[in-house]
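Peer 1: Just so you know, full-length UniProt numbering puts 464 at position 464 of the sequence shown, and the rest follows in order with no gaps.
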Amino acid sequence: MKDKNTQLHASSISDPQHFWAQAAQTIDWVSSWEKVLDDSEAPFYHWFKGAKLNTCYNAVDRHVEAGRGAQVAIQYVSPVTDTEYGITYAELQAQVSRLAGYMDSIGVKKGDRVVIYMPMVPETAYAMLACARIGAIHSVVFGGFAANELATRINDAKPKLILSASCGIEPSGVVAYKPLLDNALAQATHHVEHCLILNRSQLEASLQAGRDVDWQTGMATAPNIDCVALEATDPLYILYTSGTTGQPKGVVRDNGGHSVALAWSMKHIYDIEAGDSFWAASDVGWVVGHSYIVYGPLLVGATTLMYEGKPIGTPDPGAFWRTIAKYNVKSFFTAPTAIRAIKRDDPDGEFLNSVDLSCLKNVFLAGERCDPDTLHWAEDKLKKPVIDHWWQTETGWPVAANLMGYAPVEVKAGSPALAVPGYQIEVVDVMGEQVAANESGNVVIKLPLPPGTLTTLWQNEQRYVDSYLSMYEGYYLTGDAGYKDDDGYLYIMSRIDDIINVAGHRLSTGRFEEVLCQHDAVAEAAVIGVEDELKGQVPLGLVVLKKGVTLDEQELNKQLMGLVRKEIGPVAAFRLVSAVQKLPKTRSGKILRGTMRNIADNKKYNVPATIEDPVTLDIVRNTLTRMGYADAHV
């Protein structure tokens, strides 16, 4: 099957005009393009220039018109509120067209921005699709983000309307959103005229007269409105990702290339077609939620699951498996950190014993590097193909993956497999020269990027160039380090910032973590480089143990150091390791290695707005202090 993949990939690179013109046949267009790829303004490339379409029409209306209005479009599952119901395509069309009508009635037009600050409820998807319906540009901000972070995004996007809810529900309890929104609006220099608020039964919010409107009240008198024809190159949404300067970067996605790329990926990567059930266990605040909870599955007429809960604790480590079985999920997508959490609480897979997963064909992992131990555990317990794949907020859809709907190739643990058609991935040294197979370097993508990727940063083209295109001319800098093996398989080992230099030896923290996770007692691991007077940097490891494991810390450390010495060698100088209860992570599952490194080296740091549990930083700081690094009083 590798030859088939190689041929498909080669055709996408040698003749992208033809390749993506063929892929675009799955999308309904109002009018066709003048040119598939317009490179006249390189490095700002435009896909399907001159064409017109509407993303909402392609995701909703055309399926109703095709006679599938009675099919469930969104299956809502909320274990935290004990609520489950399905929304058919016909019902989705009615809800979205009315919400779009409300937006239109208050003066929201094509090109206006709308901020969506909501929990994992169907109304959040309605909001995104309603914006797409009338050409408004949505910017989803993860529900529960700190007020100052929300204010920063409001000032940058300058929305005419904000859609929010009274609260979100976490395993720890109800999180009030409205006070955070009110605080953000008070801080923001941009004045927002309208807020539409969804009041949930768990907590009712007070509304500010003249600005705030209750969701149900606003919808009651709103007219239905049809889809507006948009240019393929018109922006669909802005999604903010953290910036190194503290100012978030607004990734801009267009309408035409986005629809084409996502529809192509649903079939070729995820093996999903009309009528299939697909579940991406993420949140709409992240790129995975945009691409594969809302737009991707709906563009191909599938049923998408929207889940308000966690992999463990709502109520137990079997929640994901029971949901997959109940709703006949064909392909399931989650983060490696979710699998590690389940593995930690149910290491023997006992919660799988009474669940029939015969409907499940593939499990996809992304969001962070998947260590081989986690992949093997999932393969062993689920008896299904477990597919690691790699992409970024900026790319919007997979860069390297196993094409499970086209020509699956061998799974190699630790690798997201091969470059996806459209992406020309290279591994280069600091001078931009390609490195040999199995040699580490910076991972870059040759321009032009394929459809569906970022077109620029919102109102900051120079920052787009400086952040992604300036280091290597003609290439997009991914910010990741890794290598390709002799078969062309890509291995992403760490962020470029996470390469540590031990006495002149460049070593990947990802490789250390991979080795530590081989130990039977370890559920997950994080390794950072800490400052050392003699060697420049030395690796420091923190591990989370599987539930029920009782092992003397001194003996555990001895075994872990021996394992690293055996697998990586004495050059690793690995002598610092400790167990912790929990690692600090973002809500999307990324471990905050940079923040931990700053704590260890007594440097200033900000608590990221995306952190899931701030208490974990205190745990880590106390552990690092005990190890002789962080000053507990900083």
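Beta carbons: idealized from backbone N, C-alpha and C, even for Gly.
Quantities reported herein were computed from a predicted structural model and do not represent experimental measurements.
Under the three-state reduction of DSSP, which class applies to A338: helix, strand or coil?
Peer 2: Helix.
Peer 1: In terms of DSSP beta bridges, what is I611 paired with?
Peer 2: Answer is T586.
Peer 1: Would you decide whether G452 is buried or exposed? Buried here means 16 or more other CB atoms lie within 10 Å of its CB.
Peer 2: With 16 or more Cβ atoms within 10 Å of its Cβ, G452 is classed as buried.
Peer 1: Would you kindly work out how many angstroms separate the C-alpha atoms of S265 and N557, rounded to a whole number?
Peer 2: Going from the Cα of S265 to the Cα of N557 covers about 44 Å.
Peer 1: Confirm, please, whether the CB-CB distance from S470 to M493 is below 7 Å.
Peer 2: Not a contact, by the Cβ cut-off of 7 Å.
Peer 1: Quick check: the Cα distance between F333 and I312, rounded to an integer number of angstroms?
Peer 2: So the two alpha carbons sit approximately 16 Å from each other.
Peer 1: Hey, A407 and A419: beta-carbon distance below 7 Å or not?
Peer 2: No.
Peer 1: Can you tell me where the beta strand (DSSP E) holding G173 begins and where it ends?
Peer 2: First-last of the beta strand (DSSP E) with G173: G173 to A176.
Peer 1: Could you tell me which whole beta strand (DSSP E) segments of length 3 or greater appear in the stretch 239-276?
Peer 2: Qualifying beta strand (DSSP E) stretches, in chain order: 249-254.
Peer 1: With 16 other CB atoms within 10 Å as the buried threshold, where does T245 fall?
Peer 2: Confidence in T245 is poor, its pLDDT being 49 and thus under 50, which makes the residue's placement too unreliable to answer from.
Peer 1: Would you say the stretch 173-189 touches the stretch 101-109, given that touching needs at least three Cβ pairs under 8 Å?
Peer 2: Short answer: they don't touch.
Peer 1: Return helix, strand or coil for D520, following the three-state DSSP convention.
Peer 2: Looking at D520 - three-state DSSP - the assignment turns out to be coil, as it is neither helix nor strand.
Peer 1: Should Y85 be labelled buried (16 or more other beta-carbon atoms within 10 Å of its own) or exposed?
Peer 2: The residue is exposed, with fewer than 16 neighbouring Cβ atoms inside 10 Å.
Peer 1: From the DSSP secondary-structure annotation, give me the bridge partner or partners of H18.
Peer 2: Partner(s): none; H18 has no beta bridge.
Peer 1: Can you list, in chain order, the residues of its chain with a C-beta nearer than 8 Å to that of T152? Leave out the 5 residues immediately preceding and following it.
Peer 2: If we look at T152 and ignore the five residues flanking it on each side, its Cβ neighbours are Q247 and P248.
Peer 1: Identify every residue that forms a DSSP beta bridge with V443.
Peer 2: Per DSSP, V427.
Peer 1: Do V355 and A23 have their beta-carbon atoms positioned less than 7 Å apart in this structure?
Peer 2: Contact flag unset, no.
Peer 1: Per the contact definition of three or more C-beta pairs closer than 8 Å, is the stretch 250-258 in contact with the stretch 269-276?
Peer 2: No, they do not touch.
Peer 1: Would Y472 and V444 be called neighbours here (beta carbons separated by less than 7 Å)?
Peer 2: In contact: Y472 and V444 (Cβ atoms closer than 7 Å).
Peer 1: Which of the three DSSP states, helix, strand or coil, is assigned to A630?
Peer 2: DSSP places A630 in coil when its eight states are reduced to three.
Peer 1: I'd like to know whether the C-beta atoms of T610 and R593 end up nearer to each other than 7 Å.
Peer 2: No, Cβ-Cβ distance for T610 and R593 is not below 7 Å.
Peer 1: What residue range is occupied by the uninterrupted alpha helix (DSSP H) comprising Q554?
Peer 2: E553 to E567 is the extent of the alpha helix (DSSP H) around Q554.
Peer 1: Please name the residue, chosen from A125, K4 and Y76, that lies closest to S291 on a Cα-to-Cα basis.
Peer 2: When each option's Cα is compared against that of S291, the closest is A125.
Peer 1: Provide the residue span of the alpha helix (DSSP H) that contains I599, from first to last.
Peer 2: Unbroken alpha helix (DSSP H) run through I599: R593 to A600.
Peer 1: Excluding five sequence neighbours on each side, which residues of the same chain lie with their C-beta closer than 6 Å to the C-beta of I162?
Peer 2: Cβ within range, chain order: V115, V192 and C195.
Peer 1: With a cut-off of 8 Å on the beta carbons, I'd call P416 and D388 a contact; round off their distance for me.
Peer 2: Confirmed, Cβ separation roughly 5 Å.
Peer 1: DSSP on P315, reduced to helix/strand/coil?
Peer 2: In this structure, P315 counts as coil in the three-state DSSP scheme.
Peer 1: Given this structure, state the Cα-to-Cα distance separating T374 from L180, to the nearest angstrom.
Peer 2: Roughly 37 Å between the two C-alpha positions.
Peer 1: Mind checking P315: buried by the 16 CB within 10 Å criterion, or exposed?
Peer 2: With fewer than 16 Cβ atoms within 10 Å of its Cβ, P315 is classed as exposed.
Peer 1: Suppose you measure from the CA of W20 to the CA of G548; what does that come to, to the nearest Å?
Peer 2: Cα to Cα, W20 sits roughly 52 Å from G548.
Peer 1: So A229 packs on V60, CB below 8 Å; how close in whole Å?
Peer 2: Not really, about 15 Å apart at Cβ, beyond 8 Å.
Peer 1: Out of V77, L129, H376 and A66, which has the shortest C-alpha to C-alpha gap to Q95?
Peer 2: Cα-wise, what sits closest to Q95 is L129.
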